[in-house]
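Colleague:
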Amino acid sequence: MPETVIHAEGLTKVYQMGDVEVRALRGLTMDVFRGEVVAIMGPSGSGKSTLMNILGCLDHPTDGSYLLDGEEVAPLRDDQLAEIRNRKVGFIFQSFNLLGRQTALSNVELPLRYAGLTEGRREKARQALIAVGLETRINHKPTELSGGQQQRVAVARAIVNNPAIIMADEPTGNLDSKVGQEIMDLLLSLNRERGATLIIVTHDPRVAAQCGRVIRISDGVVDTETNE
3 MPETVIHAEG
13 LTKVYQMGDV
23 EVRALRGLTM
33 DVFRGEVVAI
43 MGPSGSGKST
53 LMNILGCLDH
63 PTDGSYLLDG
73 EEVAPLRDDQ
83 LAEIRNRKVG
93 FIFQSFNLLG
103 RQTALSNVEL
113 PLRYAGLTEG
123 RREKARQALI
133 AVGLETRINH
143 KPTELSGGQQ
153 QRVAVARAIV
163 NNPAIIMADE
173 PTGNLDSKVG
183 QEIMDLLLSL
193 NRERGATLII
203 VTHDPRVAAQ
213 CGRVIRISDG
223 VVDTETNE
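What follows is the structure, given as structure tokens:
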């Protein structure tokens, strides 16, 4: 029996927009198993990004249970969520979210700083950049890098703490098809070589076709699940 790394049950998320109540998630239940590559798909407004923010410990559900690696995290405070996120989850964003005035090396060091690591921090960040093929761009700032190179820095930042889970929100969305495929190849190699569980939110059926399972979200609940 595969080991469950994510168990979400009855997740709801309600946003108050003035007098209007918006229900982004409506009792969503799902599991992800260790070492899987899972795509999450669905139309705009279906709740994909809200779900990813909760799974990545960036936000709290309004109601429901969320076990991350066997630990109930739904009721935790923001600082507790941040500590778990830094320890267990690597997050990759569509817009890269790099600090523009910092070098690639400094950007990748950030999770290590948050973790309180001092000894060997710079070397660990350097090795993460080498792992994503950026050994010659370590001291470059984001404005000196192409979109694909910026996303590789973001991947290096996500893996520098060797997390059990990598979550990617539209990681190829701002890239052309060739560079996007290079990023997918890189993510899939991390799954194979490090055993990292990989969860990807995507609109792109070409990305989803490379994942072992596709979970389709509609109106805040799981609509269908298919093994590709």
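Residue numbering for the sequence shown follows our numbering, starting at 3 and increasing by one per position.
In this text, a Cβ means the ideal position worked out from N, Cα and C, and glycines have one as well.
This one's a predicted model, so the numbers in the text were calculated from it and none came from an experiment.
1. Are there 16 or more other CB atoms within 10 angstroms of the CB of A170, so buried, or fewer, so exposed?
2. At 4 residues or longer, what runs of the alpha helix (DSSP H) sit wholly inside the region 29-64?
3. Quick test of your reading: G12 and S67, contact by CB under 8 Å. State the CB separation rounded to the nearest angstrom.
4. Could you tell me the distance, in whole angstroms, from the CA atom of L53 to the CA atom of G118?
5. Under 9 Å between the Cβ atoms of G92 and I167?
6. Return the chain-ordered ranges of every beta strand (DSSP E) run that is complete within the region 117-183 and spans a minimum of 3 residues.
7. Should N88 be labelled buried (16 or more other beta-carbon atoms within 10 Å of its own) or exposed?
8. Classify Q212 as helix, strand or coil using the three-state DSSP reduction.
9. Which word fits M3, buried or exposed, when buried means at least 16 other C-beta atoms lie within 10 angstroms of its C-beta?
10. Within 10 angstroms of its Cβ, does S48 collect 16 or more other Cβ (buried), or is it exposed?
11. Is there contact here, the region 9-26 with the region 182-194, by at least three beta-carbon pairs under 8 Å?
12. Quick one, are the C-beta atoms of P144 and V155 less than 9 Å apart?
13. Taking all protein chains shown into account, do 16 or more other C-beta atoms lie within 10 angstroms of the C-beta of S51, making it buried, or fewer, making it exposed?
14. Looking at C-alpha atoms only, which residue of A84, I8, N163 is the closest neighbour of E125?
15. Tell me the DSSP bridge mates of K90?
16. State buried or exposed for A211, treating a residue as buried only when at least 16 other CB atoms are found within 10 Å of its CB.
17. For K95, write down the residues that DSSP places opposite it in a beta bridge.
18. A130 and A84 look like a contact to me (Cβ under 8 Å); what is the Cβ gap, rounded to whole Å?
19. Which word fits G182, buried or exposed, when buried means at least 16 other C-beta atoms lie within 10 angstroms of its C-beta?
20. Do M32 and T204 have their CB atoms nearer than 9 Å?
21. Keeping to the same chain, check which residues put their C-beta closer than 8 Å to that of L101; ignore five residues upstream and five downstream.
22. Here's the rule I'm using: 16 or more other beta-carbon atoms within 10 Å means buried, otherwise exposed. How should I132 be labelled?
23. Beta-carbon within less than 7 Å of V209's beta-carbon, same chain only, minus the 5 sequence neighbours each way: which residues are those?
Modeller: Let me lay it out:
1. Reading the sequence shown from its first residue, position 168 is the one you call residue 170. So A170 counts as buried.
2. Taken in chain order, the unbroken stretches of alpha helix (DSSP H) that lie wholly in the region 29-64 and span 4 residues or more are 50-57.
3. Locating residue 12 in the sequence shown gives position 10, where the first residue counts as 1. Locating residue 67 in the sequence shown gives position 65, where the first residue counts as 1. With 8 Å as the limit, G12 and S67 qualify as a contact, their Cβ atoms being about 6 Å apart.
4. Translated into the one-based positions of the sequence shown, residue 53 becomes position 51. Translated into the one-based positions of the sequence shown, residue 118 becomes position 116. Computed Cα separation, rounded: 29 Å.
5. Taking the first residue of the sequence shown as 1, we reach residue 92 at position 90. Taking the first residue of the sequence shown as 1, we reach residue 167 at position 165. Cβ atoms of G92 and I167: closer than 9 Å.
6. Counting whole runs of 3 or more residues, the region 117-183 contains the beta strand (DSSP E) stretches 167-171.
7. The sequence position of residue 88 within the sequence shown is 86, counting from 1. It is buried - the Cβ of N88 has at least 16 other Cβ atoms within 10 Å.
8. Stepping through the sequence shown from its first residue, residue 212 is reached at position 210. Note: Q212 maps to coil in three-state DSSP.
9. Numbered from 1 along the sequence shown, position 1 holds the residue referred to as residue 3. Of the other Cβ atoms in all chains shown, fewer than 16 fall within 10 Å of the Cβ of M3; this residue is therefore exposed.
10. Here residue 48 refers to the residue found at position 46 when the sequence shown is read from its first residue. Buried.
11. The region 9-26, when compared against the region 182-194, does not touch it at the 8 Å Cβ threshold.
12. Walking along the sequence shown from the start, residue 144 turns up at place 142. Walking along the sequence shown from the start, residue 155 turns up at place 153. Going by beta carbons, P144 and V155 fall inside the 9 Å limit.
13. Position 49 of the sequence shown, counted from the first residue, corresponds to residue 51. Taking all protein chains shown into account, S51 has 16 or more neighbouring C-beta atoms within 10 Å of its C-beta and is therefore buried.
14. The count along the sequence shown starts at 1 and reaches residue 125 at position 123. Of the candidates A84, I8, N163, N163 places its Cα closest to the Cα of E125.
15. Walking along the sequence shown from the start, residue 90 turns up at place 88. When beta bridges are read from the DSSP output, K90 appears opposite no residue.
16. Here residue 211 refers to the residue found at position 209 when the sequence shown is read from its first residue. Residue environment analysis places A211 among the exposed positions, since fewer than 16 neighbouring C-beta atoms fall within 10 angstroms of its C-beta.
17. As a working note, residue 95 is residue 93 in the sequence shown. Note on residue identity: the sequence assigns Phe, not Lys, to residue 95. F95 pairs with D171.
18. To locate residue 130, count along the sequence shown from 1; it is residue 128. To locate residue 84, count along the sequence shown from 1; it is residue 82. Distance from A130 to A84 at the Cβ level is roughly 20 Å; contact not present, criterion being Cβ atoms closer than 8 Å.
19. Translated into positions along the sequence shown, residue 182 becomes position 180. Looking at its Cβ environment, which holds 16 or more other Cβ atoms inside 10 Å, G182 is buried.
20. Here residue 32 refers to the residue found at position 30 when the sequence shown is read from its first residue. Here residue 204 refers to the residue found at position 202 when the sequence shown is read from its first residue. Against a cut-off of 9 Å, the Cβ pair of T204 and M32 comes out as no contact.
21. Translated into the one-based positions of the sequence shown, residue 101 becomes position 99. These residues qualify, in order along the chain: S108, N109, L112, P144.
22. For the purposes of this step, residue 132 is identified with residue 130 of the sequence shown, where counting begins at 1. Burial call: exposed.
23. On the sequence shown, residue 209 is found 207 positions in, with the first residue counted as 1. The answer, listed in chain order, is A41, T174, M186, I202.
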